[in-house]
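This report concerns only the one structure given below.
Protein chains: 2
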Amino acid sequence: MQRVPLYQAKAEFFRMLGHPVRIRVLELLQEGPKPVRDLLADLEAEPSSLSQQLAVLRRSGIVVSAREGSTVVYSLAGADVADLLRAARRILTELLAGQQGLLDELREAERGARLM
Amino acid sequence: MQRVPLYQAKAEFFRMLGHPVRIRVLELLQEGPKPVRDLLADLEAEPSSLSQQLAVLRRSGIVVSAREGSTVVYSLAGADVADLLRAARRILTELLAGQQGLLDELREAERGARLM
DNA sequence: TCGGGAATTGAAGAAGGCTTCAACTTGTGG
DNA sequence: CCACAAGTTGAAGCCTTCTTCAATTCCCGA
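Protein chains in written order, with the working numbering: chain A, 18 to 133; chain B, 18 to 133.
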C-alpha cells in the first residue's frame, strides 16, 4: 500500500483543485449539501460538463453523491476544505498584490525608457 | 484591472501547484533560500526540466530568483506557503484514509459476494 | 579572450485534460 | 407500459502541459 510518493499525491490533489468549476463547486458545497440542479443554476455550465467535473471531484474522494428520488445531491466528504481555501486566498492576495507592484514598476520603467 | 474572476485565479494558482517537482521545490525552499545546484541534487531531475518548473513558479510570483556569482539562488517570495501545505496535507490524509476505508469495504463486499 | 560550468530558453513530440455530442441509466408521472 | 426529466458516461477533437534536446547566456578562472 501507499506506493505513490507523498509529493506526487499532493501534486495530484492540487491538480484536482485546478479548475474553475471544481473550485466553485467546493465553495458552494461549503454551505451544505446541494442537488446538481442548484449547482447547475449557480454555475451556468453545461450539464454534461458539470457532470464531468463532479466525477473528477468524486474520484478524488473530496465529495460524495447520493441519489434522492429523481435528483442527485452532492456534499463535501467531511473534509475541511475551508482552511485550505482560506490559506490559498491569503497567498493569492499576496501574489496579486505583488503583480500589481510589478506592473507599477513596469510603468515606471517605461516612463524612464521614453526619456532615453 | 482584476479582469480575471477570482475563482479562475484560484484555479490557476492550484494548477501551478499541481506538479511533483514544483511541490518539492516549495517544500525545500521553506527551509530557506537555495541555489539551483542544491535543488538539482535533492530532486534528481534533469537540469532543464527543473529549470522549466522553476520558470513556472517564477511566473506565478511565488518564488524569486537572484543571481549570485555563477549560481542562481531561489527563495519563496515572502508568501506563507507552510499554512497552505499543512491544510493540504490534512485533507489529503483524510482522503487517503477514506480510500483505505473504501478498500476495506470493497474487500467486505467481495467476501459477501462469494457467499451469494 | 578563450574555455568550461551553471542555468535558462525555444522548439518538437508525446501525453493528459477539457468541452461537446450522442447515447444511456434511473426514477416519476400519465 | 410509455414518455419525459435528471444526471451520467464514452468517445472525438482540440488545446495545454510535460519532457527532452540542442542552442544560448552569463560568469569565472586560466
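Beta carbons are placed, not taken as given, at the ideal position from N, Cα and C, and that holds for glycine.
{"Query": "Using the Cβ count rule (16 or more neighbours within 10 Å means buried), how would you classify Ser77 (chain B)?", "Result": "buried"}
{"Query": "Determine, using beta carbons only, whether Leu71 (chain A) comes closer than 8 Å to chain B.", "Result": "no"}
{"Query": "With a threshold of 8 Å between beta carbons, is Leu112 (chain A) in contact with chain B?", "Result": "yes"}
{"Query": "CA-CA distance, Val42 (chain B) and Leu45 (chain A)?", "Result": "32 Å"}
{"Query": "Quick check: the Cα distance between Gly115 (chain B) and Gln70 (chain A), rounded to an integer number of angstroms?", "Result": "20 Å"}
{"Query": "When the distance is taken between beta carbons, is Ile40 (chain B) closer than 8 Å to Tyr24 (chain A)?", "Result": "yes"}
{"Query": "Would you mind stating whether Leu34 (chain B) and Phe31 (chain A) have Cβ atoms separated by less than 8 Å?", "Result": "yes"}
{"Query": "Nearest-angstrom Cα distance between Ala96 (chain A) and Glu85 (chain B)?", "Result": "44 Å"}
{"Query": "Name, in chain order, the residues that DSSP records as bridge partners for Thr88 (chain A).", "Result": "A:Glu85"}
{"Query": "Starting from Val21 (chain A) and walking both ways along the alpha helix (DSSP H), at which residues does that stretch end?", "Result": "Unbroken run through Val21 (chain A): none, as it is neither H nor E."}
{"Query": "Which term fits Ala58 (chain B), buried or exposed, when burial requires 16 or more other beta carbons within 10 angstroms of its beta carbon?", "Result": "exposed"}
{"Query": "Can you tell me whether Pro52 (chain B) is helix, strand or coil according to DSSP?", "Result": "strand"}
{"Query": "Taking its Cβ as the centre, do 16 or more other Cβ atoms sit within 10 Å of Ala83 (chain A), making it buried, or is it exposed?", "Result": "exposed"}
{"Query": "Rounded to whole angstroms, what's the CA-CA distance from His36 (chain B) to Lys51 (chain A)? Just pull it up for me.", "Result": "31 Å"}
{"Query": "Please compile the residues from chain B whose C-beta is within a distance smaller than 7 Å of the C-beta of Arg41 (chain A).", "Result": "Tyr24"}
{"Query": "Report the partner residues of Val80 (chain A) according to the DSSP bridge assignment.", "Result": "A:Leu93"}
{"Query": "Taking its Cβ as the centre, do 16 or more other Cβ atoms sit within 10 Å of Ala99 (chain B), making it buried, or is it exposed?", "Result": "exposed"}
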